[in-house]
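Q:
Protein chains: 2
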Amino acid sequence: MSNNDSTEMAADLAANAALLEMADVLGISPILDGGVFFSVAEVAAAADIPEASALSFLRALQAAGLVAGDENGQYFTPCADLADRRYDAGYLSWSLNANRPYIDHAAELLRHPEATVGKYQRHGRRVAISSRWIGSYGFYPDVISEITRRKPARIVDLGAGAGGLLIHLLKVLPASSGLALDLSAGACEEAEFAARHANVHERLAVVNRSIESLVDDPGPVRGADVVHAGFVMHDATRDMDVLDAILRACREAISGNGALVITDAIPYVDNQRERAFSALFTYLHEGGMGILLPSEESWRAAFLRAGFSTVTTTPLRMPGSRVFVAVR
Amino acid sequence: MSNNDSTEMAADLAANAALLEMADVLGISPILDGGVFFSVAEVAAAADIPEASALSFLRALQAAGLVAGDENGQYFTPCADLADRRYDAGYLSWSLNANRPYIDHAAELLRHPEATVGKYQRHGRRVAISSRWIGSYGFYPDVISEITRRKPARIVDLGAGAGGLLIHLLKVLPASSGLALDLSAGACEEAEFAARHANVHERLAVVNRSIESLVDDPGPVRGADVVHAGFVMHDATRDMDVLDAILRACREAISGNGALVITDAIPYVDNQRERAFSALFTYLHEGGMGILLPSEESWRAAFLRAGFSTVTTTPLRMPGSRVFVAVR
Numbered sequence: 001m002s003n004n005d006s007t008e009m010a011a012d013l014a015a016n017a018a019l020l021e022m023a024d025v026l027g028i029s030p031i032l033d034g035g036v037f038f039s040v041a042e043v044a045a046a047a048d049i050p051e052a053s054a055l056s057f058l059r060a061l062q063a064a065g066l067v068a069g070d071e072n073g074q075y076f077t078p079c080a081d082l083a084d085r086r087y088d089a090g091y092l093s094w095s096l097n098a099n100r101p102y103i104d105h106a107a108e109l110l111r112h113p114e115a116t117v118g119k120y121q122r123h124g125r126r127v128a129i130s131s132r133w134i135g136s137y138g139f140y141p142d143v144i145s146e147i148t149r150r151k152p153a154r155i156v157d158l159g160a161g162a163g164g165l166l167i168h169l170l171k172v173l174p175a176s177s178g179l180a181l182d183l184s185a186g187a188c189e190e191a192e193f194a195a196r197h198a199n200v201h202e203r204l205a206v207v208n209r210s211i212e213s214l215v216d217d218p219g220p221v222r223g224a225d226v227v228h229a230g231f232v233m234h235d236a237t238r239d240m241d242v243l244d245a246i247l248r249a250c251r252e253a254i255s256g257n258g259a260l261v262i263t264d265a266i267p268y269v270d271n272q273r274e275r276a277f278s279a280l281f282t283y284l285h286e287g288g289m290g291i292l293l294p295s296e297e298s299w300r301a302a303f304l305r306a307g308f309s310t311v312t313t314t315p316l317r318m319p320g321s322r323v324f325v326a327v328r
Numbered sequence: 001m002s003n004n005d006s007t008e009m010a011a012d013l014a015a016n017a018a019l020l021e022m023a024d025v026l027g028i029s030p031i032l033d034g035g036v037f038f039s040v041a042e043v044a045a046a047a048d049i050p051e052a053s054a055l056s057f058l059r060a061l062q063a064a065g066l067v068a069g070d071e072n073g074q075y076f077t078p079c080a081d082l083a084d085r086r087y088d089a090g091y092l093s094w095s096l097n098a099n100r101p102y103i104d105h106a107a108e109l110l111r112h113p114e115a116t117v118g119k120y121q122r123h124g125r126r127v128a129i130s131s132r133w134i135g136s137y138g139f140y141p142d143v144i145s146e147i148t149r150r151k152p153a154r155i156v157d158l159g160a161g162a163g164g165l166l167i168h169l170l171k172v173l174p175a176s177s178g179l180a181l182d183l184s185a186g187a188c189e190e191a192e193f194a195a196r197h198a199n200v201h202e203r204l205a206v207v208n209r210s211i212e213s214l215v216d217d218p219g220p221v222r223g224a225d226v227v228h229a230g231f232v233m234h235d236a237t238r239d240m241d242v243l244d245a246i247l248r249a250c251r252e253a254i255s256g257n258g259a260l261v262i263t264d265a266i267p268y269v270d271n272q273r274e275r276a277f278s279a280l281f282t283y284l285h286e287g288g289m290g291i292l293l294p295s296e297e298s299w300r301a302a303f304l305r306a307g308f309s310t311v312t313t314t315p316l317r318m319p320g321s322r323v324f325v326a327v328r
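Residue numbers (my numbering), protein chains in the order written: chain H, 1 to 328; chain L, 1 to 328.
As structure tokens, this is what we get:
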């Protein structure tokens with residue numbers, strides 16, 4: 001994989017990921033993602049560190065090629081391919097940092113599966129950040145184009161987290177309104193804050209509830225033209241009856257030409273491009289979280305059982321991921 | 001870096017590294033490295049887990065292409081390029097796992113450098129394992145050939161850790177004897193155990209001491225034809241006077257045509273192949289451990305000050321690493 005004299009791809013990717021993680025811990029990811037030049041003073045202020053410290057870190061980023069500096073060493077510019085590097089870093093951070101508990105406790109989880117599945121929790125922020133980095137090219141672009149081309153007047157995101165996807169959609173679709181639903185009260189607060197910051201808060205409702213609660217009260221999805229769920233619906237697949245009930249509740253509540261757009265991973269995809277990451281993703285869900293990812297066929301069957309008329313499946317760039325579109 | 005439709009290199013490398021880390025936690029790295037077929041029962045026994053659990057993990061490795069299984073799913077074979085994959089995984093594990101404290105505390109380390117440098121310790125085993133994986137192709141092959149071609153009758157390894165390099169050398173050079181010196185009592189115990197296991201214990205002495213102690217008592221390096229130090233001598237460079245005294249003590253004590261073979265990293269190497277990992281390596285030593293790596297010129301000057309007659313420098317495969325050979 002790396003027997004190439006001119007590059008050390010693994011070393012490059014590892015160094016980029018570690019440096020981008022440190023930049024994120026320092027709170028300067030937004031500055032790097034801004035794409036324009038910035039000063040040492042701005043970095044020092046954002047990270048709440050002395051300017052001399054900011055300069056020593058920026059010199060490391062510069063030496064790695066992540067930023068370029070001016071002659072005086074006071075202004076820096078992010079490298080042209082920073083977005084690509086962040087996308088790559090996402091896979092490393094997700095695999096080796098976000099899922100760390102499942103790696104470190106691999107023996108215990110396999111020794112006493114019943115007693116330990118679900119015992120170790122991942123660090124929510126580590127999962128969220130690395131997933132967002134993967135998503136930047138791995139699934140968001142195709143999901144966003146799938147949703148926007150349907151020109152939905154009302155969009156609901158199930159498991160919306162901090163609301164990033166929905167806020168992006170509401171900015172692109174200025175006449176639309178949306179609802180963000182999430183089980184985490186902290187994520188809901190973040191979503192409300194972000195919505196105000198993006199000035200879409202008058203068109204965005206935030207609801208702190210579980211997806212399962214839609215079975216008894218489908219209010220949140222009522223009249224939606226698109227209901228999206230990204231990598232959260234598989235949590236409901238521990239009991240396929242629950243999944244069926246959720247899908248049925250959604251179908252009955254959405255608008256006449258509404259659609260469910262489900263982004264999720266299918267298990268153990270067997271082609272050269274997808275197999276390694278798909279294997280890790282599947283195994284961690286099974287062994288660490290006790291989640292058996294449904295196959296493409298299981299998803300299709302579940303949509304049809306719930307009464308949806310047509311279901312399409314499209315591969316996304318993230319290995320193992322698919323977007324299912326089920327039309328009412 | 002990854003805009004290639006046919007591969008997702010970062011995803012592949014990340015998945016391989018996470019799965020190989022889990023295999024190592026399970027204690028089955030030696031089985032995978034054996035290069036021959038093995039049974040589910042062997043893996044279950046080595047990892048002390050039920051056979052059903054061993055099978056579920058092996059299926060993940062198989063899905064990722066790290067092992068191949070037979071028709072009955074009872075016997076498996078490591079993939080042909082496992083050594084390459086382990087080498088690649090080394091960079092990811094070292095950067096994102098072994099150095100985790102410096103990433104997670106990046107802000108604090110930059111906010112109060114004087115108070116925090118050296119405060120956070122890395123996990124010794126994580127550093128040792130990931131360094132060994134990098135070293136498999138990154139520095140050991142060239143260092144071993146440099147040492148063996150000198151046909152040394154006596155070899156001393158400073159900072160020998162668990163003795164892996166020295167034991168390998170003593171097996172290749174059956175008439176030679178060696179001495180392993182390390183500051184860690186635990187590492188010394190491991191080295192003694194490994195030497196007995198490899199049946200070279202009669203030719204290998206293990207000494208639990210600091211490298212700095214050679215200044216007052218150079219006994220351990222007396223008469224050595226080769227004194228090697230891999231990525232440990234930079235610890236002594238906080239005070240160049242101490243480094244000078246160690247180098248001088250070594251030069252005076254070694255045999256007439258003896259040589260010092262120092263494997264170490266130089267700071268911020270500025271070429272495309274080395275720059276990213278060299279930047280991370282340099283920054284972590286500086287910001288996390290308070291170690292300023294000497295430049296190639298500083299090393300050369302130090303050897304010459306200590307009285308060595310000739311010094312050669314050769315780049316190794318690990319980005320930023322060099323082997324210095326200083327002849328008495």
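From the three backbone atoms N, C-alpha and C, an ideal C-beta is built for every residue, glycine too. These figures come from a predicted structure and were not determined experimentally.
Do you know offhand how far L165 (chain L)'s Cα is from A229 (chain L)'s?
A: If you number the second sequence from 1, residue 165 (chain L) lands on position 165. If you number the second sequence from 1, residue 229 (chain L) lands on position 229. About 11 angstroms.
Q: Measure from the C-beta of P113 (chain H) to each C-beta in chain L and report whether the shortest distance is under 8 angstroms.
A: Residue 113 (chain H) sits at position 113 when you count from the first residue of the first sequence. Yes, contact with chain L.
Q: Using the Cα positions of A245 (chain L) and D270 (chain L), report the straight-line distance between them to the nearest angstrom.
A: As a working mapping, residue 245 (chain L) is identified with position 245 in the second sequence. As a working mapping, residue 270 (chain L) is identified with position 270 in the second sequence. Near 31 angstroms, if we compare the C-alpha coordinates of D270 (chain L) and A245 (chain L).
Q: Would you list, in chain order, the members of the region 84–95 of chain H that have their beta-carbon closer than 9 angstroms to a beta-carbon of chain L?
A: Result list: D84, R85, Y87, D88, A89, G90, Y91, L92, S93, W94 and S95.
Q: Considering only residues of the region 7–69 of chain L, which uninterrupted alpha helix (DSSP H) runs meet the minimum length of 4 residues and lie entirely inside it, listed in chain order?
A: Within the region 7–69 of chain L, the complete alpha helix (DSSP H) runs of at least 4 residues are 9–25, 29–33, 40–47 and 51–64.
Q: Are there 16 or more other CB atoms within 10 angstroms of the CB of L154 (chain L), so buried, or fewer, so exposed?
A: As a position in the second sequence, residue 154 (chain L) is number 154, starting the count at 1. First, the residue type needs correcting, since residue 154 (chain L) is Arg and not Leu in the sequence shown. Burial call: buried.
Q: Provide the residue span of the beta strand (DSSP E) that contains S177 (chain H), from first to last.
A: Indexing the first sequence from 1 puts residue 177 (chain H) at position 177. Residues S177 to D182.
Q: Candidates H:I147, H:D182, H:Y140 and H:I167: which alpha carbon is nearest A160 (chain H)'s?
A: By 1-based counting over the first sequence, the position of residue 160 (chain H) is 160. The shortest C-alpha separation from A160 (chain H) is found at H:D182.
Q: Taking all protein chains shown into account, decide if T263 (chain H) is buried (16 or more other Cβ within 10 angstroms of its Cβ) or exposed.
A: For the purposes of this step, residue 263 (chain H) is identified with residue 263 of the first sequence, where counting begins at 1. By the neighbour-count rule (16 or more Cβ atoms within 10 Å), T263 (chain H) is buried.
Q: Looking at the strands, I want to know which residues DSSP matches up with S321 (chain H).
A: Taking the first sequence and counting its residues from 1, one reaches residue 321 (chain H) at position 321. In the DSSP output, where bridge partners are listed per residue, S321 (chain H) has H:A265.
Q: Whose Cβ in chain L lies nearer than 8 angstroms to the Cβ of R132 (chain H)?
A: Walking along the first sequence from the start, residue 132 (chain H) turns up at place 132. Near R132 (chain H) there are no residues of chain L at all, since even the closest Cβ is about 15 angstroms away, more than 8 angstroms.
Q: Report yes or no: is there a C-beta of chain L within less than 8 angstroms of the C-beta of L316 (chain H)?
A: Here residue 316 (chain H) refers to the residue found at position 316 of the first sequence. So, not an interface residue.
Q: Less than 8 angstroms between CB atoms is the rule here; does T7 (chain H) satisfy it with respect to chain L?
A: Indexing the first sequence from 1 puts residue 7 (chain H) at position 7. Taking Cβ atoms only, chain L reaches closer than 8 angstroms to T7 (chain H), which makes this a yes.
Q: For R275 (chain H) and P319 (chain H), I'd like the C-alpha separation in whole angstroms.
A: Here residue 275 (chain H) corresponds to residue number 275 of the first sequence, with the count starting at 1. Here residue 319 (chain H) corresponds to residue number 319 of the first sequence, with the count starting at 1. R275 (chain H) and P319 (chain H): Cα-Cα distance of roughly 7 angstroms.
Q: Would you identify the three-state DSSP class for H228 (chain H), choosing helix, strand or coil?
A: Residue numbering aside, residue 228 (chain H) sits at position 228 when the first sequence is read from its first letter. Reduced to three states, the DSSP call for H228 (chain H) is strand.
Q: Under the three-state reduction of DSSP, which class applies to Y341 (chain L): helix, strand or coil?
A: With chain L represented from 1 up to 328, any question about residue 341 (chain L) goes unanswered, as that position is not in the structure.
Q: Run through DSSP, which three-state label would N208 (chain H) get?
A: Your numbering for residue 208 (chain H) matches position 208 in the first sequence. Strand.
Q: Using the three-state DSSP reduction, which class does R154 (chain L) fall into: helix, strand or coil?
A: As a working note, residue 154 (chain L) is residue 154 in the second sequence. Three-state DSSP puts R154 (chain L) in a strand.
Q: Only counting the same chain, and skipping five residues up and downstream in sequence, which positions put a Cβ closer than 8 angstroms to that of A249 (chain L)?
A: The residue you call residue 249 (chain L) lines up with position 249 of the second sequence. So the list reads L214, V215, P218 and V221, once near-sequence residues are dropped.
Q: Check the Cβ-Cβ distances between P319 (chain L) and every residue of chain H, and say whether any is below 8 angstroms.
A: Residue mapping note: residue 319 (chain L) aligns to position 319 of the second sequence, counting from 1. Answer yes: the Cβ-Cβ gap between P319 (chain L) and chain H drops below 8 angstroms somewhere.
Q: Between A106 (chain H) and chain L, is any beta-carbon pair separated by less than 8 angstroms?
A: Here residue 106 (chain H) refers to the residue found at position 106 of the first sequence. Closer than 8 angstroms: yes.
Q: Could you work out which residues of chain L lie near D48 (chain H), taking near to mean beta carbons separated by less than 8 angstroms?
A: For the purposes of this step, residue 48 (chain H) is identified with residue 48 of the first sequence, where counting begins at 1. What D48 (chain H) touches in chain L: A107 and R111.
Q: For V206 (chain L) versus E192 (chain L), is the C-beta spacing smaller than 8 angstroms?
A: Walking along the second sequence from the start, residue 206 (chain L) turns up at place 206. Walking along the second sequence from the start, residue 192 (chain L) turns up at place 192. Against a cut-off of 8 angstroms, the Cβ pair of E192 (chain L) and V206 (chain L) comes out as a contact.
Q: Quick one: is P294 (chain L) buried, meaning 16 or more other Cβ sit within 10 Å of its Cβ, or exposed?
A: Within the second sequence, residue 294 (chain L) is the residue found at index 294, counting from 1. By the 10 Å Cβ count, P294 (chain L) comes out buried.
Q: Look up L260 (chain L) in the DSSP assignment and give the residues it is bridged to.
A: Position 260 of the second sequence, counting from 1, holds the residue named residue 260 (chain L). Answer is L:V227 and L:A326.
Q: Which chain H residues sit within Cβ distance under 8 angstroms of S53 (chain L)?
A: Mapped onto the second sequence, residue 53 (chain L) falls at position 53. Those are L110, R111 and P113, listed as they occur along chain H.
Q: Which residues mark the beginning and the end of the beta strand (DSSP E) in which V311 (chain H) is found?
A: In the first sequence, residue 311 (chain H) corresponds to position 311, counting from 1. First-last of the beta strand (DSSP E) with V311 (chain H): T310 to P315.
Q: If you follow the alpha helix (DSSP H) that R132 (chain L) is in, where does it begin and where does it stop?
A: If you number the second sequence from 1, residue 132 (chain L) lands on position 132. Its alpha helix (DSSP H) spans residues G124 to G138.
Q: Would you mind sorting P305 (chain H) into buried or exposed? The rule is 16 or more other CB atoms within 10 Å of its CB.
A: Taking the first sequence and counting its residues from 1, the one referred to as residue 305 (chain H) is at position 305. In the sequence as displayed, the identity of residue 305 (chain H) is Arg instead of Pro. Classification for R305 (chain H): exposed.
Q: Less than 8 angstroms between the beta carbons of A301 (chain L) and A107 (chain H), yes or no?
A: The residue given as residue 301 (chain L) occupies position 301 in the second sequence. The residue given as residue 107 (chain H) occupies position 107 in the first sequence. Contact flag unset, no.
Q: Could you check the C-alpha separation between T310 (chain L) and V227 (chain L) for me, to the nearest Å?
A: As a working note, residue 310 (chain L) is residue 310 in the second sequence. As a working note, residue 227 (chain L) is residue 227 in the second sequence. Each residue's alpha carbon lies about 15 angstroms from the other.
Q: For D157 (chain L), which option in L:L260, L:V40 and L:A265 has the closest C-alpha, if you only look at C-alpha atoms?
A: One-based indexing of the second sequence puts residue 157 (chain L) at position 157. Comparing Cα positions, the closest option is L:L260.
Q: For A253 (chain L), which option in L:A80, L:N16 and L:V327 has the closest C-alpha, if you only look at C-alpha atoms?
A: Along the second sequence, one-based indexing puts residue 253 (chain L) at 253. Ranking the options by Cα distance to A253 (chain L), first place goes to L:V327.
Q: Report the neighbours of M21 (chain H) on chain L: residues whose CB is nearer than 7 angstroms to its CB, in chain order.
A: Translated into the one-based positions of the first sequence, residue 21 (chain H) becomes position 21. Reading the sequence as shown, one finds Glu at residue 21 (chain H) and not Met. Within chain L, the residues near E21 (chain H) are I103.
Q: What do you reckon, are the CB atoms on P78 (chain L) and V67 (chain L) nearer than 8 angstroms?
A: Locating residue 78 (chain L) in the second sequence gives position 78, where the first residue counts as 1. Locating residue 67 (chain L) in the second sequence gives position 67, where the first residue counts as 1. Taking 8 angstroms as the Cβ cut-off, P78 (chain L) and V67 (chain L) qualify as a contacting pair.
Q: Do A17 (chain L) and A89 (chain L) have their C-beta atoms closer together than 8 angstroms?
A: By one-based count along the second sequence, residue 17 (chain L) stands at place 17. By one-based count along the second sequence, residue 89 (chain L) stands at place 89. Yes, the Cβ-Cβ distance between A17 (chain L) and A89 (chain L) is below 8 angstroms.
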